Amino acid sequence: MDLIDKRIVLGMTGGIACYKIAELVRRLTEQGATVDVVMTEAATHFITPVTMQALSGRPVFIDAWDARVPNNMAHIDLTRGADAVLIAPASADFMAKLAHGEASDLLSTLCLARACPMLVAPAMNREMWANPATQRNVAQLRADGIAILGPDSGSQACGEVGDGRMLEAHQLLAEVVAFFQPKLLAGKRVLMTAGPTSEPIDPVRVLSNRSSGKTGYALARAAHEAGAQVTLVSGPTSLPAPYGVSLIPVMTARQMHAAVMAEAGSADLFIAVAAVADWYVKNASAQKIKKTGSGAPQLEFEANPDILADVAGLPDGPWCVGFAAETENLAQHAEDKRRRKNIPVLVGNLAQNVMDADTTEMALFDAQGMHPLPAASKLDAARRLVAEIAARLPKRRA
Ligand code: CTP
Numbered sequence: 121m122d123l124i125d126k127r128i129v130l131g132m133t134g135g136i137a138c139y140k141i142a143e144l145v146r147r148l149t150e151q152g153a154t155v156d157v158v159m160t161e162a163a164t165h166f167i168t169p170v171t172m173q174a175l176s177g178r179p180v181f182i183d184a185w186d187a188r189v190p191n192n193m194a195h196i197d198l199t200r201g202a203d204a205v206l207i208a209p210a211s212a213d214f215m216a217k218l219a220h221g222e223a224s225d226l227l228s229t230l231c232l233a234r235a236c237p238m239l240v241a242p243a244m245n246r247e248m249w250a251n252p253a254t255q256r257n258v259a260q261l262r263a264d265g266i267a268i269l270g271p272d273s274g275s276q277a278c279g280e281v282g283d284g285r286m287l288e289a290h291q292l293l294a295e296v297v298a299f300f301q302p303k304l305l306a307g308k309r310v311l312m313t314a315g316p317t318s319e320p321i322d323p324v325r326v327l328s329n330r331s332s333g334k335t336g337y338a339l340a341r342a343a344h345e346a347g348a349q350v351t352l353v354s355g356p357t358s359l360p361a362p363y364g365v366s367l368i369p370v371m372t373a374r375q376m377h378a379a380v381m382a383e384a385g386s387a388d389l390f391i392a393v394a395a396v397a398d399w400y401v402k403n404a405s406a407q408k409i410k411k412t413g414s415g416a417p418q419l420e421f422e423a424n425p426d427i428l429a430d431v432a433g434l435p436d437g438p439w440c441v442g443f444a445a446e447t448e449n450l451a452q453h454a455e456d457k458r459r460r461k462n463i464p465v466l467v468g469n470l471a472q473n474v475m476d477a478d479t480t481e482m483a484l485f486d487a488q489g490m491h492p493l494p495a496a497s498k499l500d501a502a503r504r505l506v507a508e509i510a511a512r513l514p515k516r517r518a
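The sequence shown begins at 121 in this note's numbering and counts up by one.
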């Protein structure tokens, strides 16, 4: 649970995107957050306060003159002790109010009286979003230190297509979770590989391995949460691209090598998590190989490029972190591999414990030796690893 002990005031303003907030409240509370929903009168036309109360398990506030609040200070009481105010959906009208410091209803008064950070998720028609007045207000909110989440682009409830759609509930959740993570890699450009590679034998058969990509995807997410700009070059997996991460899908090791080398020059940090095939089939067939004929096919192999070693060998390349999945003698193999690939840090784990699992137990190897890390979910382990990497990143890059 990523939001334990977090108290979030969720302000809803008028917009059809209110329906997405029912799902968001559920996801926030599932992650351990306490959610106090405050609605404008307009928001109550789109979804009922009863729905929001049932999902948050807490009273919903709308009116500045709510008789349930004995001191009549809901605008103060609600935000004291809150970790963040999230306005979602944020209408163009409400953003105009925020930009001008208006306090004309409970929600806008509460925003003005708050003592905690604020996140705003705009939701409106594309012309309303593009209007110079809205853009002025957005710029003002950013200048005031308010985080603007999205908006997304795509088809809109009004039937038009363009910018202004509110982010989906799972994306808003990812933004909120990321907001609370320490920004240990702020401004850093991180290039990563993940997943298996898939080497064709013929148009329908491949040689691959059992890597699920879970560790690499979790690390990409953790690096993004830590404030990095992340590019993930990934072999085929069944995982969705982590929110906020730029994904370059590839199939073969040679494609992965080409994609990485094209990006490596502008990266501060390279993390090689992919389980790259050591060989590709040199005599792969252009047509499906048939069973008929002279017995089993004779495959000829040729070595794939070593992506990590090539990046580590770049004259002014990124700082490199390698991974090693071993089946025995982890400490010895991992340290040997770190030296052979000439990289400052290598992360090792036992392959039989990690392939396709949701939890992992890793050890970090650097010039000082082996540092075991606690067993954890892949995401928690990834966050810990990001902290360990950030602490070792040389100052000129830090
Ligand atoms: N790696 C890579 N390109 C390759 C092979 C490996 O970038 N062609 C990277 C992996 O992503 C990982 C590290 O190198 O970060 C270790 O990979 P591994 O295949 O275990 O290393 P090898 O040197 O090939 O050792 P082994 O003898 O165990 O195969």
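Note that the Cβ used here is the ideal one computed from N, Cα and C, for glycine as well. Since this is a predicted model, take the numbers as computed values, not measurements.
Please go through the same chain and pick out, in chain order, the residues whose beta-carbon is closer than 6 Å to the beta-carbon of residue i, but skip the five residues on each side of it.
i, result
"histidine 344", "Val350, Gly364 and Val365"
"methionine 215", "Asn257"
"histidine 453", "Glu446"
"arginine 188", "none"
"isoleucine 207", "Gly131 and Val240"
"lysine 217", "Ser228"
"serine 176", "Val145, Val155 and Val157"
"serine 405", "Asp322"
"aspartate 122", "Gln151 and Val297"
"isoleucine 124", "Gly152"
"alanine 510", "Leu304 and Leu305"
"glutamate 383", "Leu311 and Thr351"
"arginine 341", "Pro362"
"threonine 372", "Thr317 and Glu319"
"serine 328", "Pro316 and Ser318"
Quick one: what's residue i bridged to in DSSP?
i, result
"isoleucine 268", "Val240"
"serine 224", "DSSP lists no partner for serine 224."
"aspartate 122", "DSSP lists no partner for aspartate 122."
"arginine 285", "Asp272"
"glycine 131", "Val158 and Ile207"
"serine 497", "Thr479"
"alanine 306", "According to DSSP, alanine 306 bridges with nothing at all."
"threonine 313", "Val353 and Ala392"
"histidine 491", "Leu484"
"glutamate 319", "Leu327"
Mind reading off the beta-carbon distance from residue i to residue j? Whole number of angstroms is fine, and I expect it under 8 Å.
i, j, result
"lysine 126", "aspartate 203", "5 Å"
"glutamate 508", "alanine 495", "Not a contact, Cβ separation roughly 15 Å."
"valine 465", "aspartate 486", "5 Å"
"arginine 234", "valine 205", "5 Å"
"proline 369", "serine 318", "Incorrect: roughly 11 Å between the Cβ atoms, too far for contact."
"leucine 287", "aspartate 264", "Incorrect: roughly 21 Å between the Cβ atoms, too far for contact."
"glycine 315", "alanine 394", "6 Å"
"isoleucine 427", "valine 380", "5 Å"
"glycine 333", "serine 354", "6 Å"
"alanine 212", "methionine 248", "5 Å"
"proline 242", "glycine 284", "7 Å"
"aspartate 398", "alanine 416", "The Cβ separation is near 21 Å, so there is no contact."
"alanine 527", "arginine 309", "Because the chain is modelled from 121 through 518, residue 527 falls outside the range shown and cannot be assessed."
"alanine 442", "arginine 459", "With the sequence shown as reference, residue 442 is identified as glycine, and alanine is not the correct amino acid for it. Their Cβ separation, rounded to whole angstroms, is 11 Å, which puts glycine 442 and arginine 459 out of contact at 8 Å."
"alanine 162", "threonine 133", "6 Å"
"glutamine 301", "alanine 253", "Contact flag wrong, Cβ pair sits at about 34 Å."
Between which residues of its own chain and residue i is the CB-CB distance below 7 Å, once the five residues before and five after are set aside?
i, result
"alanine 518", "Its pLDDT being 47, under 50, alanine 518 is placed unreliably in this model, and the coordinates cannot settle the point."
"asparagine 469", "Ala445, Thr480, Glu481 and Met482"
"aspartate 183", "Leu226"
"alanine 361", "Leu367"
"leucine 484", "Val465, Val467, His491, Leu493 and Glu508"
"leucine 292", "Leu144, Ala208, Ala241 and Leu269"
"lysine 140", "Met286, Glu288 and Ala289"
"alanine 522", "Since the first residue shown for the chain is 121 and the last is 518, residue 522 is missing from the structure and cannot be characterised."
"aspartate 186", "Ala194"
When you compare the CB of residue i with every CB in chain C, is at least one pair closer than 8 Å?
i, result
"valine 370", "No chain C is present in this structure, which holds just one protein chain."
Taking 8 Å as the limit between beta carbons, can you name the residues of its chain near residue i, skipping five residues before and five after?
i, result
"arginine 512", "Pro464, Val465 and Asp486"
"cysteine 278", "Asn245"
"leucine 339", "Met312, Ala314, Ile391, Val393, Ala502, Leu505 and Val506"
"threonine 199", "Val129, Val205, Leu230, Ala233, Arg234, Ala235 and Cys236"
"glutamine 276", "Asn245, Arg246, Gly282, Gly284 and Arg285"
"tryptophan 439", "Asp388, Leu389, Phe390, Pro464, Leu513, Pro514 and Arg517"
"proline 425", "Ala373, Arg374 and His377"
Which runs of the beta strand (DSSP E), 3 residues or longer, sit entirely within the stretch 407-488?
421-423, 439-446, 465-470 and 483-486
Please list, in chain order, all residues with a C-beta atom less than 5 Å from at least one heavy atom of the ligand CTP.
Ala392, Ala394, Val396, Asn424, Asp426, Ile427, Leu428, Gly442, Phe443 and Ala444
Residue ranges of each alpha helix (DSSP H) within the stretch 321-401, 4 or longer
334-345 and 373-384
Which whole runs of the alpha helix (DSSP H) in the stretch 142-223 are 4 residues long or more, in chain order?
Assignment of alpha helix (DSSP H) within the stretch 142-223, counting only whole runs of 4 or more residues, yields 169-176, 194-197 and 212-220 in chain order.
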